[in-house]
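Asks: Sending over a structure as structure tokens; questions will come in a sec.
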Amino acid sequence: MSVTACGGSGAPKPRSGGPVWAKGQGATEAVGFMRVQTPAGAAEMKGAVQHGFQDTTYLLSFAASTGDAEAFVADLRPEEALRANTPRDSTTYTTITPWSHLGLPEPETQQKVRTASVCPPCIKDERRSAVQSITIFVQDIGDGRARVYLKAF
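As structure tokens, this is what we get:
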């Protein structure tokens, strides 16, 4: 007896269903999943949801005063303090969940960016028990303002 995992023609079925952006889902869904409250003065809020092979990834970005951005990040309870990010070469850097989908540059390629991460279950943050990881980027955009980037799954 022989069993195959091929289609009716005997040829293997092509793999499909790679990462796709969820239509009609954005900042509201990202805020809801991450269970965050953006600062009252936040502007330029953008978000997206991407369904991948194993996980759904949520992107959220906004601009706020530097003080509001710092307070927002502190509430996420990162495992370590924000640290300087060494910019990567934007001509060669690629990622499966690109911020360009939202019209934003990749924070990893920008100047004046600090980064940290948090594992909500690891720090027993019950508010975010469904979130496995949040990667945080904060970019100084001048004039006392910062752009916050969050990527969570």
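In our numbering, the protein residues as written are 1303 to 1455. Beta carbons are placed, not taken as given, at the ideal position from N, Cα and C, and that holds for glycine. Bear in mind the structure is a predicted one, so any value in this text is a computation, not a measurement.
Looking only at C-alpha atoms, which of 1388, 1417, 1342, 1325 sits nearest to residue 1351?
Replies: Your numbering for residue 1351 matches position 49 in the sequence shown. Of the listed residues, the one whose Cα sits closest to residue 1351 is 1325.
Asks: Please look up how many angstroms separate the CB atoms of residue 1332 and residue 1360, rounded, as I've assumed it's under 8 Å.
Replies: Position 30 of the sequence shown, counted from the start, is the residue given in the question as residue 1332. Position 58 of the sequence shown, counted from the start, is the residue given in the question as residue 1360. Sure, about 4 Å apart at Cβ, within 8 Å.
Asks: Quick check on residue 1423: buried or exposed, where buried means 16 or more other Cβ atoms within 10 Å of its Cβ?
Replies: Translated into positions along the sequence shown, residue 1423 becomes position 121. With fewer than 16 Cβ atoms within 10 Å of its Cβ, residue 1423 is classed as exposed.
Asks: If we require 3 or more residues per run, which beta strand (DSSP E) segments fall completely within the region 1340–1421?
Replies: As far as the region 1340–1421 is concerned, its whole beta strand (DSSP E) runs of at least 3 residues are 1345–1353, 1358–1367, 1415–1420.
Asks: Given a threshold of 16 other Cβ atoms within 10 Å of its Cβ, counted over all protein chains shown, does residue 1364 qualify as buried or as exposed?
Replies: Position 62 of the sequence shown, counting from 1, holds the residue named residue 1364. It counts as buried.
Asks: Tell me the rounded alpha-carbon separation between residue 1345 and residue 1366.
Replies: Start at 1 with the first residue of the sequence shown, and residue 1345 comes out as number 43. Start at 1 with the first residue of the sequence shown, and residue 1366 comes out as number 64. Distance between the alpha carbons of residue 1345 and residue 1366: 6 Å.
Asks: Kindly list the residues whose CB is nearer than 7 Å to the CB of residue 1412, restricted to its own chain and excluding five residues on each side of it in sequence; keep chain order.
Replies: Along the sequence shown, read from residue 1 onward, the residue named residue 1412 stands at position 110. Cβ neighbours of residue 1412 beyond the five flanking positions: 1389, 1441.
Asks: Starting from residue 1454, follow its DSSP beta bridges and name the residues at the other end.
Replies: On the sequence shown, residue 1454 is found 152 positions in, with the first residue counted as 1. 1360, 1436.
Asks: Which one of 1454, 1444, 1374, 1419 has the shortest CA to CA distance from residue 1433?
Replies: As a first step, residue 1433 must be located in the sequence shown, where it is residue number 131. Nearest of 1454, 1444, 1374, 1419 to residue 1433, Cα basis: 1454.
Asks: Leaving out five residues on either side along the sequence, give the residues of the same chain with a beta carbon under 7 Å from the beta carbon of residue 1404.
Replies: By one-based count along the sequence shown, residue 1404 stands at place 102. Cβ neighbours of residue 1404 beyond the five flanking positions: 1348, 1350, 1361, 1363.
Asks: DSSP three-state call for residue 1486: helix, strand or coil?
Replies: In the structure as shown, the chain begins at 1303 and stops at 1455. Residue 1486 is therefore absent and cannot be evaluated.
Asks: Under the rule that 16 or more other beta-carbon atoms within 10 Å means buried, what is residue 1314, buried or exposed?
Replies: Taking the sequence shown and counting its residues from 1, one reaches residue 1314 at position 12. For residue 1314, the predicted structure reports a pLDDT of 42, less than 50, and the residue's modelled location is therefore unreliable. The matter cannot be settled from this model.
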